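Residue numbers (our numbering): 360 to 518. One structure below.
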Ligand code: 5GP
Ligand code: ZN
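Here it is as structure tokens:
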């Protein structure tokens with residue numbers, strides 16, 4: 360269900376990224392096709408920070424259709440190629456957040472493309488420390504997720 364806001368149901372008319380797709384809010388467009396719109400982030404983590412969104416509103420990875428998801432990620436290949444051409448040698452982080460618990464702020468699915476130029480500053484958000492985990496806990500959680508995947512797969516097969 361979509362989020363209620365000011366005592367009424369959230370409508371896509373309230374969605375800032377739907378407004379960008381419609382052209383009601385200006386954006387610096389870098390790419391568009393039938394399913395996808397891509398534009399520059401106005402609070403860039405690094406030079407070149409861009410966002411790719413599906414034209415059809417979906418809040419997150421649970422909601423987005425496979426067609427939209429595939430279109431967004433196919434477009435990301437075109438855009439990283441263009442970033443390399445336009446900016447010279449770059450590394451690019453492709454990051455996507457699902458839910459307020461991981462700081463998703465705009466509730467319309469978006470893939471961040473965050474380049475780091477060869478002479479650019481290191482990206483803090485990708486420089487996490489590697490600390491070995493508890494293998495028993497990793498095994499247990501892995502088994503629980505794998506079982507849920509199996510279950511999902513069986514249900515799809517039965518349909
Ligand atoms: P997230 O939801 O993954 O935390 O990030 C939302 C991103 O959308 C942020 O990086 C923010 O800068 C960007 N953003 C929010 N509002 C606008 C806007 O009106 N225009 C553009 N171009 N970017 C926006
Ligand atoms: Zn939207």
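We put the beta carbon where it would ideally sit given N, CA and C, even for glycine. Note that the coordinates shown come from a computational prediction; the quantities given were computed from them, not determined experimentally.
**Asked** Around the Cβ of residue 503, are there at least 16 other Cβ atoms within 10 angstroms (buried) or fewer (exposed)?
**Response** As a working mapping, residue 503 is identified with position 144 in the chain shown. Exposed, since its Cβ has fewer than 16 Cβ neighbours within 10 Å.
**Asked** Any heavy atom of the ligand 5GP closer than 7 Å to the Cβ of residue 420?
**Response** Indexing the chain shown from 1 puts residue 420 at position 61. False, no ligand heavy atom lies under 7 Å from that Cβ.
**Request:** Sort 458, 447, 480 and 423 by Cα distance to residue 403 and report the nearest one.
**Result:** As a working note, residue 403 is residue 44 in the chain shown. Of 458, 447, 480 and 423, the residue nearest in Cα terms is 480.
**Prompt:** Where does residue 461 fall in DSSP's three states?
**Reply:** Locating residue 461 in the chain shown gives position 102, where the first residue counts as 1. In the structure shown, residue 461 sits in a helix (DSSP, three-state: H, G or I).
**Request:** Please work out which residues of its chain come closer than 8 Å, Cβ to Cβ, to residue 458, disregarding the five sequence neighbours upstream and downstream, and give them in chain order.
**Result:** As a working mapping, residue 458 is identified with position 99 in the chain shown. If we look at residue 458 and ignore the five residues flanking it on each side, its Cβ neighbours are 419.
**Message:** In the DSSP output, which residue or residues are listed as bridge partners for residue 390?
**Reply:** Residue numbering aside, residue 390 sits at position 31 when the chain shown is read from its first letter. According to DSSP, residue 390 bridges with 397.
**Asked** Who pairs with residue 529 in a beta bridge, going by DSSP?
**Response** Examination of residue 529 is not possible in this model, given that the chain is present from 360 through 518 alone.
**Prompt:** Can you tell which of 413, 507, 450 and 511 has its C-alpha closest to the C-alpha of residue 374?
**Reply:** Residue numbering aside, residue 374 sits at position 15 when the chain shown is read from its first letter. Among 413, 507, 450 and 511, the Cα nearest to that of residue 374 belongs to 413.
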